[in-house]
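The working numbering numbers the first residue of the sequence shown as 45 and each following residue consecutively. Glycine included, each C-beta is placed from N, C-alpha and C at the ideal position. A quick write-up on the structure given underneath.
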Amino acid sequence: MMSHFAPSRFLIRQAIRGIRIQSCLRSPLTIKDHLLSTKPINCFQSQFFSNDSQSKQDTDDSSNASKKDETTDEEKHNPGAGVESEELADPEIARLEEEVKSLKDQLMRSLAEQENTRRIAKRDVANAKQYAIKSFSKSLLDSSDNLERALDAVPEDLRTDSENHPVLVTLYEGIKMTEAGLNKAFEMNGLKKFGAVGENFDPNMHEALFEYADPNREAGTVGQIMKSGFTLNDRVLRPAEVGVVKKEG
C-alpha cells in the first residue's frame, strides 16, 4: 500500500510547485527563491502586505485632500475672516493711524499760522514803507497852508498890475512858484491835495465847520474851503475843512 500512494504524493507535490510558480510570476522575487523557500505562502504574504500598504497610503491622501477642500470652502464662504482677525489682533495699527492723523492736523495748522504771520508781516512792511513819512508830511502841511493864505491875501486886481505894483506882482509870482514846487514834491511822495468848491460833501473826506444858505449853489455841496485836505497813498491824512451849503427854508 505504501508504494500505491507514493506516486500520488509525488504528483501532489509537483502540482503545488506549479501553483507556486504561477502565483509568484507577479512577485519581485525570482522563481528559484520561491522554489527553494520552506515557506510556501511567502509570496502571497508579500503581495498581500504590499497591497495593504498601498491602500493605507491612498486612504491618508484622500483624508488630507478632504481636509484641504474643507479649508478652501471655509475661506470661500468667509473671505474676510482672516483680515478681521488680524485687525482685531493688532490694535497698534489703529493707534498709529490716529497718531498720524493728529500729527498731520497739527502740521497743517502750523503751516496756516506761518502763512498768516508771513502775510501780516508783509502787509506791515508795505504800510511802513508807504506811511513812513506820515509825521513828516503832516509837519509840512502848515507850510503849504501858509503859502496858500499868502496867495489869497493878494487882491486879484493887483496880481497882474506890473506897472503900478511891480514888486507885489513879483512877490506873488514867487510865492505861487514856491507853492507849486512844494505840491510837486508832495505828489512825488504820494501826498496829494484835494478839496474844491462845488463838489459834493463827503464826511470821509471833508470836515464841515459850518453851514450857510446860498441860493446860487446846490444844497449839500461844498461852498467854501477854509483849509485844503491831503491824502497819503490814497489814505486821508487830513480832511478838508469846509463850509457846506444848506437847503433854504
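The C-beta of V241 has fewer than 16 other C-beta atoms within 10 Å across all chains shown, which makes the residue exposed.
The DSSP assignment places complete alpha helix (DSSP H) segments of no fewer than 4 residues inside the segment 205-233 at 210-232, in order along the chain.
Of the residues L147, A229, G273, the one whose Cα lies closest to the Cα of P247 is G273.
Annotation for L191: I219, T222, E223, L226 place their beta carbon closer than 8 Å to its own, counting only its chain and skipping 5 residues before and after. Counting of Cβ neighbours within 10 angstroms places P283 among the buried residues, the total reaching 16 or more. The Cβ neighbour count for S187, taken over all protein chains shown within 10 Å, is under 16; the residue is labelled exposed. V286 and H250 do touch by the CB rule: their CB atoms are close to 5 Å apart, below 8 Å.
Under the 10 Å beta carbon count, S179 is surrounded by fewer than 16 other beta carbons and is classified as exposed. Contact between F238 and T265 is absent: CB atoms are separated by about 15 Å, not below the 8 Å threshold. Note that the C-beta distance between A263 and V289 is below 7 Å. In the displayed model, E143 falls within a helix according to three-state DSSP.
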